[in-house]
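Chemist: Shown below is the structure under consideration.
In this note's numbering, the protein residues as written are 109 to 465.
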């Protein structure tokens, strides 16, 4: 059976049960699969020695506990203290964006401080595609609570009930049309007490919400040597709302490149219990000349994503399906299946030799 048709036949959707028994509330498996196949030219003719392979990955959105502290300073700036370190994907930028969006303030007025649980409360740490979800929701909750303190300050100055004020960019307005600026509201709030909140967020279960990744690899295999060259990797992801397009694309591209290394070259070799690939001269990582054409398709349905503003996870999505897609493409190209990684030229050559024999 055609690999695409096989996966379409076995895909699940909203209302179906997953293999774990979860009833799916959001699952764009068929849509993401088709979007990837269309972008990759799945059915287009191929020359001899070229193959295409497809793989799919389904992951939940990481959840758990997080806490943050948010303070609006006298001069109107915003300081968010988080226990989440930025390990590279731009987590602090995302948290600043979430706070700026909630408070309708310029991004450069939001400052992130990397603190510890001495500054906040309990925290589950970084990992598992959870930071933008749990720390982001904690930041959003803190921003909304701080906004209520500012409304109280503005209401005191305007002699109006706080729940009747509306807030738009830089202005708190009463029903009678009178208004005060953001800075005025900050000063008014500070006369009532510190404009600072400490909040915790314990993420609700994200069961039944699927993040789908589909990757299609196109490879060329030299039948004389077994050498595998990746020509193109197409990634289709069900993403919900994308909060930071540059960082989001970086997660996808970086994941695919990591997956290529896992598939074709990264190997920890041992001899008599000792690691013989102990440095990067021997343990090969993908370099720029190893990176193929990368194509990304975003399937967006921003309705049920648990991340602030209906986003979904992207962290692990890029690197998990890649090796399977490449292995499937090698089999499609020359008819041999390699079942242990990395897929080296030697393994392919031996498999081809055995096949011919």
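Cβ atoms here follow ideal geometry from the backbone N, Cα and C, with glycine treated the same way.
1) Classify residue 466 as helix, strand or coil using the three-state DSSP reduction.
2) Going by DSSP in three states, residue 164 sits in which element: helix, strand or coil?
3) Indicate whether residue 361 and residue 320 have their beta-carbon atoms separated by less than 8 Å.
4) Using 8 Å as the threshold, is the C-beta distance between residue 518 and residue 393 below it?
5) When you compare each of 404, 383, 365 and 299 to residue 181 by their alpha carbons, which one comes out closest?
6) Where does residue 464 land, buried or exposed, given buried means 16+ other C-beta within 10 angstroms?
7) So what's residue 187 in DSSP terms, helix, strand or just coil?
8) On the DSSP letters alone, give me the boundaries of the alpha helix (DSSP H) that residue 440 sits inside.
9) Might you give, ordered along the chain, the residues of its own chain that have their beta carbon closer than 6 Å to the beta carbon of residue 348, omitting 5 neighbours on each side?
10) What does a CB cutoff of less than 8 Å around residue 219 pick up in its chain, not counting 5 residues either side in sequence?
11) What are the partner residues of residue 345, as DSSP defines its beta bridges?
12) Rank 461, 445, 173 and 443 by C-alpha distance to the C-alpha of residue 235 and give the top, closest one.
13) Taking C-beta to C-beta, are residue 460 and residue 401 nearer than 8 Å?
14) I want to know whether the segment 251 to 269 touches the segment 220 to 229 - three or more CB-CB distances under 8 Å.
15) Would the beta-carbon of residue 149 fall within 8 Å of that of residue 435?
16) Taking its Cβ as the centre, do 16 or more other Cβ atoms sit within 10 Å of residue 324, making it buried, or is it exposed?
17) Is residue 198 helix, strand or coil when you go by DSSP?
18) Which same chain residues, not among the five before or five after residue 206, have their C-beta less than 6 Å away from its C-beta?
19) Name the residue from 238, 253 and 290 whose alpha carbon lies nearest to the alpha carbon of residue 170.
20) Who are the near neighbours of residue 240 in its chain, counting only those whose CB is closer than 6 Å to its CB and skipping five residues on each side?
21) Helix, strand or coil for residue 399, going by three-state DSSP, please let me know.
22) Is any beta-carbon of chain B found at less than 8 Å from that of residue 413?
23) With 16 other CB atoms within 10 Å as the buried threshold, where does residue 359 fall?
24) Between the beta-carbon of residue 167 and the beta-carbon of residue 141, is there less than 8 Å?
25) In terms of DSSP beta bridges, what is residue 219 paired with?
26) Assuming residue 366 is part of the alpha helix (DSSP H), what are its boundary residues?
27) Between residue 405 and residue 144, how many whole angstroms is the CB-CB distance? I'm expecting something under 8 Å.
28) Return the CA-CA distance between residue 242 and residue 441, expressed in angstroms with no decimal places.
29) What's the gap between the Cα of residue 313 and the Cα of residue 438?
30) For residue 339, does the three-state DSSP call read helix, strand or coil?
31) Strictly by DSSP, which residues pair up with residue 304?
Modeler: This is what the structure gives:
1) With the chain running from 109 to 465 in the structure shown, residue 466 is simply not present.
2) In the chain shown, the residue the question calls residue 164 occupies position 56. If DSSP states are grouped into helix, strand and coil, residue 164 belongs with the strands.
3) For the purposes of this step, residue 361 is identified with residue 253 of the chain shown, where counting begins at 1. For the purposes of this step, residue 320 is identified with residue 212 of the chain shown, where counting begins at 1. The answer is no: Cβ separation not under 8 Å.
4) Outside the displayed range of the chain (109 to 465) lies residue 518, so it cannot be described from this structure.
5) The residue you call residue 181 lines up with position 73 of the chain shown. Comparing Cα-Cα distances from residue 181 to each of 404, 383, 365 and 299, the minimum goes to 299.
6) Translated into the one-based positions of the chain shown, residue 464 becomes position 356. With fewer than 16 Cβ atoms within 10 Å of its Cβ, residue 464 is classed as exposed.
7) For the purposes of this step, residue 187 is taken as residue 79 along the chain shown, with counting starting at 1. DSSP places residue 187 in strand when its eight states are reduced to three.
8) Translated into the one-based positions of the chain shown, residue 440 becomes position 332. Segment 430 to 442, the alpha helix (DSSP H) holding residue 440.
9) What you label residue 348 is simply residue 240 of the chain shown in a count that begins at 1. Result list for residue 348: 410, 413, 418, 419 and 420, in chain order.
10) For the purposes of this step, residue 219 is identified with residue 111 of the chain shown, where counting begins at 1. Only 185, 186, 187, 188 and 204 meet the Cβ criterion.
11) Along the chain shown, read from residue 1 onward, the residue named residue 345 stands at position 237. In DSSP, residue 345 forms a bridge with 321 and 406.
12) On the chain shown, residue 235 is found 127 positions in, with the first residue counted as 1. Cα-wise, what sits closest to residue 235 is 173.
13) Walking along the chain shown from the start, residue 460 turns up at place 352. Walking along the chain shown from the start, residue 401 turns up at place 293. In this structure, residue 401 does not lie closer than 8 Å to residue 460 by Cβ.
14) no
15) As a first step, residue 149 is located in the chain shown; it is residue number 41 there, counting from the start. As a first step, residue 435 is located in the chain shown; it is residue number 327 there, counting from the start. Not closer than 8 Å, so no.
16) Here residue 324 is taken as the residue at index 216 of the chain shown, counted from 1. Buried, because 16 or more other Cβ atoms sit within 10 Å of the Cβ of residue 324.
17) The residue you call residue 198 lines up with position 90 of the chain shown. Residue 198 falls in the coil class under three-state DSSP.
18) As a first step, residue 206 must be located in the chain shown, where it is residue number 98. Closer than 6 Å at the Cβ level, and outside the excluded window around residue 206, lie 244, 247, 248 and 416.
19) Your numbering for residue 170 matches position 62 in the chain shown. Closest option to residue 170, Cα to Cα, is 238.
20) As a first step, residue 240 is located in the chain shown; it is residue number 132 there, counting from the start. Answer for residue 240: 202 and 415, listed in chain order.
21) Residue 399 sits at position 291 when you count from the first residue of the chain shown. Here residue 399 sits in coil by DSSP.
22) Note that chain B does not occur in the displayed structure, where there is just one protein chain.
23) Here residue 359 refers to the residue found at position 251 when the chain shown is read from its first residue. Buried, by the Cβ-count rule.
24) To locate residue 167, count along the chain shown from 1; it is residue 59. To locate residue 141, count along the chain shown from 1; it is residue 33. No, the pair does not count as a contact, with Cβ atoms beyond the cut-off.
25) Taking the first residue of the chain shown as 1, we reach residue 219 at position 111. The partner list for residue 219 (beta bridge, DSSP) reads 187.
26) Numbered from 1 along the chain shown, position 258 holds the residue referred to as residue 366. Start and end: 353 to 372.
27) One-based indexing of the chain shown puts residue 405 at position 297. One-based indexing of the chain shown puts residue 144 at position 36. Correct: roughly 6 Å between the Cβ atoms.
28) Taking the chain shown and counting its residues from 1, the one referred to as residue 242 is at position 134. Taking the chain shown and counting its residues from 1, the one referred to as residue 441 is at position 333. Straight-line Cα distance between these residues: approximately 43 Å.
29) One-based indexing of the chain shown puts residue 313 at position 205. One-based indexing of the chain shown puts residue 438 at position 330. Cα to Cα, residue 313 sits roughly 39 Å from residue 438.
30) Residue mapping note: residue 339 aligns to position 231 of the chain shown, counting from 1. It is a strand residue.
31) The sequence position of residue 304 within the chain shown is 196, counting from 1. Bridge partners of residue 304: 179.
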